[in-house]
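Numbering (my numbering), first residue to last: 54 to 195.
Virtual Cβ for every residue (Gly too), placed ideally from N, Cα, C.
As the structure is a computational prediction, the values presented were derived from the model and not from experiment.
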Ligand SMILES: [Zn+2]
């Protein structure tokens, strides 16, 4: 289960609505507690894909490094990534699968006509062939 506080969800939604009709993306910082992951902070990124920002996103290696540094500074871990799907369902695309790594939580949310909608979380299997959905539990705060 991925546990997400309301204020963080609002921030993720606002990022997606601001960047609409382009995709937005960012890092999820947090900690693991047994089988659960608790998101305690976010790190929004600028979308690096100049060619097709409406339906793809990519995270620059420097962003990964920055997110890892930020997590270390805060005493937590880099546990995943979030990105928006403007006018598309909150499911990973083939492009997403090809560019994802196992272990991380991938939060995807739909932004329909500029308004944030459904949010889901996915984790890629070890052999990188398919995703398993990870439940999201909404909590008061992290
Ligand atoms: Zn995607």
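Residue i versus residue j: straight-line alpha-carbon distance, rounded
i: residue 136; j: residue 194; result: 21 angstroms
i: residue 66; j: residue 169; result: 5 angstroms
i: residue 184; j: residue 126; result: 30 angstroms
i: residue 152; j: residue 133; result: 13 angstroms
i: residue 78; j: residue 86; result: 25 angstroms
i: residue 62; j: residue 189; result: 11 angstroms
i: residue 84; j: residue 167; result: 31 angstroms
i: residue 121; j: residue 74; result: 28 angstroms
For residue i, the residue or residues it bridges with in DSSP
i: residue 89; result: 86
i: residue 73; result: Answer is none; residue 73 lacks a bridge partner.
i: residue 96; result: 80
i: residue 56; result: 91, 190
Reference residue i; option with closest CA among the options
i: residue 119; options: 95, 138, 140; result: 95
i: residue 145; options: 127, 129, 182, 122; result: 182
i: residue 163; options: 87, 140, 114, 154; result: 140
i: residue 76; options: 154, 112, 121; result: 112
i: residue 171; options: 124, 142, 93, 116; result: 142
i: residue 82; options: 73, 117, 179, 148; result: 117
i: residue 154; options: 173, 180, 161; result: 180
Within 8 angstroms, strictly: CB atoms of residue i and residue j
i: residue 158; j: residue 90; result: yes
i: residue 58; j: residue 192; result: yes
i: residue 131; j: residue 150; result: no
i: residue 175; j: residue 187; result: yes
i: residue 92; j: residue 55; result: yes
### Segments of 3+ residues assigned as beta strand (DSSP E) that fall wholly inside the region 106-188
Taken in chain order, the complete beta strand (DSSP E) segments of 3 residues or longer contained in the region 106-188 are 130-139, 158-165, 168-177, 184-187.
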